[in-house]
Amino acid sequence: MKLEYSHYPMDRQEDTDKLKQKTPRADEVFRLEYYLGRLFLNQDIRGTDKSFRDLQRAYQISLIGKEPLFDDDELVHHFEYYDKEHDMPLGGRTTIITLELTKLDKILEKPVANMSAEERWAVFTRFCGDKRKRGLINELLAAEEGIAMVGQTMRGFTKDQLEYFRKLDEEMYELDKQSYDTELRREGRRKGLEEGREEGLEKGREESRQVIAEKDRIIAELMRKLQSVD
Numbered sequence: 397m398k399l400e401y402s403h404y405p406m407d408r409q410e411d412t413d414k415l416k417q418k419t420p421r422a423d424e425v426f427r428l429e430y431y432l433g434r435l436f437l438n439q440d441i442r443g444t445d446k447s448f449r450d451l452q453r454a455y456q457i458s459l460i461g462k463e464p465l466f467d468d469d470e471l472v473h474h475f476e477y478y479d480k481e482h483d484m485p486l487g488g489r490t491t492i493i494t495l496e497l498t499k500l501d502k503i504l505e506k507p508v509a510n511m512s513a514e515e516r517w518a519v520f521t522r523f524c525g526d527k528r529k530r531g532l533i534n535e536l537l538a539a540e541e542g543i544a545m546v547g548q549t550m551r552g553f554t555k556d557q558l559e560y561f562r563k564l565d566e567e568m569y570e571l572d573k574q575s576y577d578t579e580l581r582r583e584g585r586r587k588g589l590e591e592g593r594e595e596g597l598e599k600g601r602e603e604s605r606q607v608i609a610e611k612d613r614i615i616a617e618l619m620r621k622l623q624s625v626d
């Protein structure tokens with residue numbers, strides 16, 4: 397199993413928050429597909445003793461911490477390839493999971509014992525760095541074995557793995573910024589073209605008015621001359 401998380405380096409959180417607030421929701425969807433595809437294709441199955449069956453499942457888990465991505469009340473969404481017309485799943489090995497942390501208010505009203513595993517993970521992710529929530533975090537650690545194992549797993553990361561995570565964070569930030577800047581430029585060009593097109597149309601209308609006025613003047617002048625001849 398291979399996992400990829402959508403997350404951001406803490407030293408750039410302020411810039412990232414501003415970026416996420418302005419980035420269209422569609423961009424986040426495309427972003428999820430990009431990182432999942434890259435993660436899945438990063439597996440090496442070349443060799444005489446390898447086949448496509450050796451590909452591991454790949455999960456792109458996105459923690460949406462600002463505005464909701466979907467217009468519903470569901471905290472967690474799972475996406476896989478699916479033929480909606482014929483009601484048939486593909487049965488592949490890639491999954492996109494989103495957790496929208498802005499939808500936690502109702503979940504926090506529950507006792508930890510009544511939360512589902514996904515809800516506990518979402519609450520833990522949202523408050524794990526908040527010292528004021530230490531009591532809640534301890535409850536989650538006691539109730540969910542997987543959460544309790546996170547610390548042990550993180551302590552087991554090698555320097556090379558930590559460096560990989562750091563570079564991945566850096567690359568994610570740069571790609572997000574690049575995408576946002578590009579969309580700003582494109583929007584500017586679109587707006588400029590629209591304004592230019594409208595300006596061109598108005599110029600054309602004015603030229604047409606001038607041509608018609610000139611024709612009217614010439615006709616009027618001809619009529620005046622004809623009348624003077626009579």
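What the sequence shown shows, in the working numbering, is residues 397 to 626, in sequence order. Every residue gets a Cβ at the ideal spot worked out from N, C-alpha and C, and that includes glycine. Note that this is a predicted model, so its numbers are computed, not measured.
Inter-residue CB distance, residue i and residue j (contact presumed, cutoff 8 angstroms)
i, j, result
"residue 644", "residue 465", "Lying outside 397 to 626, the shown extent of the chain, residue 644 is not represented and no answer is given."
"residue 459", "residue 503", "So it is not a contact: roughly 14 angstroms between Cβ atoms."
Residues that DSSP places opposite residue i in a beta bridge
i, result
"residue 479", "484"
"residue 492", "456, 475"
Residue j beta carbon less than 9 angstroms from that of residue i
i, j, result
"residue 439", "residue 456", "no"
"residue 494", "residue 454", "no"
"residue 522", "residue 588", "no"
"residue 479", "residue 499", "no"
"residue 517", "residue 543", "yes"
"residue 569", "residue 423", "no"
"residue 506", "residue 496", "no"
Residue i classed as buried or exposed, judged by whether at least 16 other C-beta atoms fall within 10 angstroms
i, result
"residue 580", "exposed"
"residue 431", "buried"
"residue 437", "exposed"
"residue 571", "exposed"
"residue 481", "exposed"
"residue 520", "buried"
"residue 399", "Low confidence applies to residue 399: its pLDDT is 48, below 50, so where it sits in the model is not reliable, and the reading given next is rough at best. With fewer than 16 other Cβ atoms within 10 Å, it is exposed."
Cβ contact (3+ pairs, closer than 8 angstroms) linking the segment 493–511 and the segment 529–547: Three or more beta-carbon pairs separated by less than 8 angstroms link the segment 493–511 to the segment 529–547, which places the two stretches in contact.
Validate contact between the segment 518–535 and the segment 550–568 using beta carbons, cut 8 angstroms, 3 pairs: Contact fails: fewer than three Cβ-Cβ distances are below 8 angstroms.
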